[in-house]
Structures are given as C-alpha cells and as structure tokens.
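One structure is given below, encoded as structure tokens.
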Amino acid sequence: MSDNQIHFKYSPNIRDIDVLEEGEGICDCCGKTVSLYYPTMYCKEDIHCLCLSCIASGEAAQKFDGDFIQNAEMHKVSDPGKHKELFERTPGYVSWQGEYWLACCDDFCAYLGDVGTAELEEMGIADEVIAEYEERGEYSDIREYLMKTGSMAGYLFQCLHCKKYHLWVDAD
Ligand SMILES: [Zn+2]
Ligand SMILES: [Zn+2]
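Residue numbering for the sequence shown follows this note's numbering, beginning at 694 and increasing consecutively.
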C-alpha cells in the first residue's frame, strides 16, 4: 500500500492537521526515501523521519520500542488492542503540553484538528462541547480565550460510534 492511501482510524485528517513534514526524507525505520513523513516519536532514539507505512503497521513502534501519543483517557477503553492501535500505530497531534486523546463509547475518538471558540461556533457545537469540557477539564471560562493555535488551544475529537464531539484544551 502506498503512503498516500494510508488511513489512520483515530486521526482521519492526518494530512490536514500540520503534523506531517513534506520534503525528501529517509525513514529511520525502513530506510525508504519518502516525500511525506512524521518527524518524531516518544522513544530513546533520536527520530527525525518515519514513513506512514512504518507507523500504520506498528513496525516503527516495535523497532524503537516507543509510541506516538503522550496520554489518553485510557480508563475509558477496555480493549488492549485499541490502546495499541492508538499509542503504537497512530501519529500524534501538535499541542502545547502533549497529546491527551479523548475516548467515548469504549473506544478512542477520532482527532479532527485544533479549534478555537470561533471554529466551534461556526460548527454550531460551541455551547455543547465547552460545557462538557468545563465539567471535566482543568480550565474554566475558556470561551473567551480559546483560539485556534492560540496560547489557549482547543483540540476537537469526535466519537467514532455515537458521533458526539468532545473538546480538550491546553495552554502554553
Ligand atoms: Zn518506513
Ligand atoms: Zn460516543
């Protein structure tokens, strides 16, 4: 399968969320020359370039004994296979404090991208996701400050099963 057909269940917008580098690189795992790659990994080695195939197949995680996601709502997902798919076979996302992947309906959610209040209002879901976030999250009164790529940033997820949106927030 060529890299541009690879799909990540938990990161369906992978090509639009500014996590991939474009340009020539040599995959640290398989040695192939690629034009689109993921530049990092949580592991002991210094990783600069991983092709999407080596991430999707789990080869990179296995070879370097690392993973791609800092943290997640692990207690909400019972199937260890889903934990492996998220941590070892899904690229992370750009954030201030590291990934915190949300879960719903006994599975991890799909990460859609970073958002501010303006984007959430445009989608018509600001009231719902902000209220839900403020019940469980660290920050309050976020509506006024939340800005896409701002110093308080929102990360939007959608449940793969009930399709509900969920928001995570962090700050610099
Ligand atoms: Zn590779
Ligand atoms: Zn759900």
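The C-beta atom is built at its ideal place from N, Cα and C for all residues, glycine as well.
Here's the rule: buried if 16 or more other CB atoms are within 10 angstroms of the residue's CB, otherwise exposed. What is residue i?
| i | result |
| --- | --- |
| TYR832 | exposed |
| TRP794 | buried |
| ASP721 | buried |
| ALA819 | buried |
| CYS747 | buried |
| VAL787 | exposed |
| SER728 | exposed |
| SER704 | buried |
| GLY817 | exposed |
| ASP739 | exposed |
| THR726 | exposed |
| HIS859 | buried |
| THR842 | exposed |
For residue i, does the three-state DSSP call read helix, strand or coil?
| i | result |
| --- | --- |
| CYS747 | helix |
| TYR730 | strand |
| PHE701 | coil |
| GLY847 | strand |
| VAL808 | strand |
| GLU714 | strand |
| ILE719 | strand |
| ASP696 | helix |
So residue i and residue j are supposed to be a Cβ contact under 8 Å. How far apart are they, rounded?
| i | j | result |
| --- | --- | --- |
| ALA796 | GLU766 | 4 Å |
| GLU792 | GLY751 | 18 Å between Cβ atoms; not a contact. |
| GLY847 | LEU853 | The pair is not a contact, with the Cβ atoms about 20 Å apart (cut-off 8 Å). |
| PHE761 | TYR735 | 7 Å |
Notebook entry, point to check: What is the chain-ordered set of residues for which the beta carbon lies under 6 Å from any non-hydrogen atom of ligand 2?
Noted result: CYS797, CYS798, CYS852, HIS854, CYS855, LYS857
Margin query: Tell me which residues pass a beta-carbon proximity test against ligand 1: closer than 5 Å to any heavy atom, given in chain order.
Written below: CYS720, CYS722, CYS723, CYS744, CYS747
Item checked: Ranges of the alpha helix (DSSP H) found wholly within the segment 751-830, counting only runs of at least 4 -> 752-757, 773-782, 810-816, 819-829
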